[in-house]
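Below is one structure, written out as structure tokens; the observations come after it.
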Amino acid sequence: MKENPSSAPAPLIWTRPSPSRRRSPLERDDIVRAAVAVADEGGAQALTMTAVAKRLGPYTPMALYRYVLSKDGLIDLMLDSVTAEIPVPDEPGADWRADLHALASQSWATVKRHLWYAQLMPTRPPLGPHLMRRTEFILRVLVRQGFTVGEAMTYAALLDRHILGSAQQEAEELAMRRRHGLHSPQQLSEAITAARDLAAEGGRHPLLTEWMTAPSGAGMDEQFELSLAFLIDGIATRLPRRNAPAGGGDDGRR
Numbered sequence: 012m013k014e015n016p017s018s019a020p021a022p023l024i025w026t027r028p029s030p031s032r033r034r035s036p037l038e039r040d041d042i043v044r045a046a047v048a049v050a051d052e053g054g055a056q057a058l059t060m061t062a063v064a065k066r067l068g069p070y071t072p073m074a075l076y077r078y079v080l081s082k083d084g085l086i087d088l089m090l091d092s093v094t095a096e097i098p099v100p101d102e103p104g105a106d107w108r109a110d111l112h113a114l115a116s117q118s119w120a121t122v123k124r125h126l127w128y129a130q131l132m133p134t135r136p137p138l139g140p141h142l143m144r145r146t147e148f149i150l151r152v153l154v155r156q157g158f159t160v161g162e163a164m165t166y167a168a169l170l171d172r173h174i175l176g177s178a179q180q181e182a183e184e185l186a187m188r189r190r191h192g193l194h195s196p197q198q199l200s201e202a203i204t205a206a207r208d209l210a211a212e213g214g215r216h217p218l219l220t221e222w223m224t225a226p227s228g229a230g231m232d233e234q235f236e237l238s239l240a241f242l243i244d245g246i247a248t249r250l251p252r253r254n255a256p257a258g259g260g261d262d263g264r265r
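The numbering used here puts the first residue of the sequence shown at 12, with every later residue one more than the last.
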């Protein structure tokens, strides 16, 4: 994954300002946009400095290092650029559940547009300005409910694991469907139905056979929303007692 002309670890990109444009028409943002386009089209595996340079035009891969320091630096910039697409309010609202739900749902929608994001996010420290602003907002929402910063960080991590894990599964399922020529929900349904004889053999799986005969159920987006609701409900059961609402089944457990 890493393409760095030096064997020494590169410094974090956030410690180095972008070079002046006086000597070149190229800017750091140009490289980031090209890299995002490469990854959007071909996935994380397609992201190389050579591919990005080719997309930009008359530049060599080595020329890009002056602007992004290393491939890791480029990935950091890409992740933060995509995170900037997620709307983050300036202040938490009156309904903490609504705040978490909105941010998680908008994050999910953004990551689905850039599925490589879920693959690359765990490989880099989340230190970009937009990444830190998003995390700070989640922490503020939860700390206002009486959680410690450590507890709030735990729940923020759980939310992100749900978002990124769901996106990674989506990416793998999409790759599988492409490999097998299943380009539409109808084609996928027909493939499942065609395989039902395996489930029906010997009569050992009658319920699974019934489902495979006429597949139905929630799609990926509905599953995400359902799981997110479960997760936020779970956080609510851990609210400090002094902040627990009188109704709604919240027992104030820690």
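Glycine included, C-beta positions come from ideal geometry on N, C-alpha and C.
Self-check item: Ile97 in three-state terms, based on DSSP
Solution: One-based indexing of the sequence shown puts residue 97 at position 86. It is coil, neither helix nor strand.
Quiz item: Rounded to a whole number of angstroms, what is the C-alpha to C-alpha distance between Tyr70 and Val79?
Solution: Sequence index remark: in the sequence shown, residue 70 carries index 59 (1-based). Sequence index remark: in the sequence shown, residue 79 carries index 68 (1-based). Between Tyr70 and Val79, the C-alpha separation is close to 14 Å.
Quiz item: If you check the beta carbons only, do Ala182 and Leu90 fall under 8 Å apart?
Solution: Indexing the sequence shown from 1 puts residue 182 at position 171. Indexing the sequence shown from 1 puts residue 90 at position 79. In this structure, Leu90 does not lie closer than 8 Å to Ala182 by Cβ.
Quiz item: Counting Cβ pairs closer than 8 Å, one from the segment 57-66 and one from the segment 103-111, do we hit at least three?
Solution: no
Practice problem: Determine the extent of the alpha helix (DSSP H) in which Ser81 is found, giving its start and end residues. | Solution: Here residue 81 corresponds to residue number 70 of the sequence shown, with the count starting at 1. No alpha helix (DSSP H) holds Ser81; DSSP gives it neither H nor E.
Quiz item: If we count Cβ pairs, one from each stretch, closer than 8 Å, do we get three or more for the segment 110-123 versus the segment 157-165?
Solution: no
Quiz item: Who are the near neighbours of Arg66 in its chain, counting only those whose CB is closer than 7 Å to its CB and skipping five residues on each side?
Solution: Here residue 66 refers to the residue found at position 55 of the sequence shown. Counting only Cβ-Cβ distances below 7 Å, and skipping sequence neighbours, we find Ala45, Ala48, Val49.
Self-check item: Other residues of its chain near Met12: CB distance less than 6 Å, five sequence neighbours each side excluded
Solution: Walking along the sequence shown from the start, residue 12 turns up at place 1. With a pLDDT of 46 at Met12, under the threshold of 50, the modelled position of that residue is not reliable, and the figure given next carries that caveat. Closer than 6 Å at Cβ, skipping near neighbours: no residue.
Self-check item: Local conformation of Ser29 per DSSP, three classes
Solution: In the sequence shown, residue 29 corresponds to position 18, counting from 1. Three-state result, Ser29: coil.
Quiz item: Can you tell me the Cα-Cα spacing of Ala178 and Trp119, whole angstroms?
Solution: As a working mapping, residue 178 is identified with position 167 in the sequence shown. As a working mapping, residue 119 is identified with position 108 in the sequence shown. When rounded, the distance between both Cα atoms is 8 Å.
Quiz item: Between the Cα of Ala129 and the Cα atoms of Asp101, Phe158, Val152, Val93, which residue gives the shortest distance?
Solution: On the sequence shown, position 118 is the one that residue 129 refers to. Checked all of Asp101, Phe158, Val152, Val93; the closest Cα to Ala129 is Val93.
Practice problem: Go ahead and pull the three-state DSSP assignment for Glu102. | Solution: Indexing the sequence shown from 1 puts residue 102 at position 91. It is coil, neither helix nor strand.
Quiz item: Distance, Cα to Cα, Thr134 vs Arg155?
Solution: On the sequence shown, position 123 is the one that residue 134 refers to. On the sequence shown, position 144 is the one that residue 155 refers to. So the alpha carbons of these two residues sit roughly 30 Å apart.
Quiz item: What number of angstroms, rounded off, separates the C-alpha of Pro22 from the C-alpha of Gly84?
Solution: Residue numbering aside, residue 22 sits at position 11 when the sequence shown is read from its first letter. Residue numbering aside, residue 84 sits at position 73 when the sequence shown is read from its first letter. Between Pro22 and Gly84, the C-alpha separation is close to 8 Å.
Quiz item: Quick one, which of Arg27, Leu237, Ala206, Gln56 has its alpha-carbon nearest Trp222's?
Solution: Position 211 of the sequence shown, counting from 1, holds the residue named residue 222. Comparing Cα-Cα distances from Trp222 to each of Arg27, Leu237, Ala206, Gln56, the minimum goes to Ala206.
Self-check item: Nearest-angstrom Cβ-Cβ length linking His141 and Ser238, presumed shorter than 8 Å
Solution: One-based indexing of the sequence shown puts residue 141 at position 130. One-based indexing of the sequence shown puts residue 238 at position 227. Between Ser238 and His141 the Cβ distance is about 25 Å, and since that is not below 8 Å, they are no contact.
Quiz item: Would you say Pro100 and Phe148 are within 8 Å of each other, going by their C-beta atoms?
Solution: The residue you call residue 100 lines up with position 89 of the sequence shown. The residue you call residue 148 lines up with position 137 of the sequence shown. Yes.
Quiz item: What's the gap between the Cα of Pro30 and the Cα of Glu38?
Solution: What you label residue 30 is simply residue 19 of the sequence shown in a count that begins at 1. What you label residue 38 is simply residue 27 of the sequence shown in a count that begins at 1. So the alpha carbons of these two residues sit roughly 8 Å apart.
Practice problem: Tell me whether Thr165 sits in a helix, a strand or coil according to DSSP, three-state version. | Solution: On the sequence shown, position 154 is the one that residue 165 refers to. The answer is helix: DSSP assigns Thr165 an H, G or I state.
Self-check item: Contacts around Val123, its chain only, beta-carbon distance under 7 Å, and the 5 residues preceding and following it disregarded
Solution: The residue labelled residue 123 in the question sits at position 112 within the sequence shown. According to the sequence shown, residue 123 is Lys rather than Val. Same-chain partners within the cutoff: Ala178, Glu181.
Self-check item: Pairwise C-alpha distance: Gly176 and Glu52
Solution: In the sequence shown, residue 52 corresponds to position 41, counting from 1. In the sequence shown, residue 176 corresponds to position 165, counting from 1. Going from the Cα of Glu52 to the Cα of Gly176 covers about 21 Å.
Practice problem: Could you check the C-alpha separation between Asp208 and Leu218 for me, to the nearest Å? | Solution: On the sequence shown, residue 208 is found 197 positions in, with the first residue counted as 1. On the sequence shown, residue 218 is found 207 positions in, with the first residue counted as 1. Going from the Cα of Asp208 to the Cα of Leu218 covers about 13 Å.
Quiz item: With 16 other CB atoms within 10 Å as the buried threshold, where does Thr26 fall?
Solution: Counting from one through the sequence shown, the residue named residue 26 turns up at place 15. Its Cβ having fewer than 16 others within 10 Å, Thr26 is exposed.
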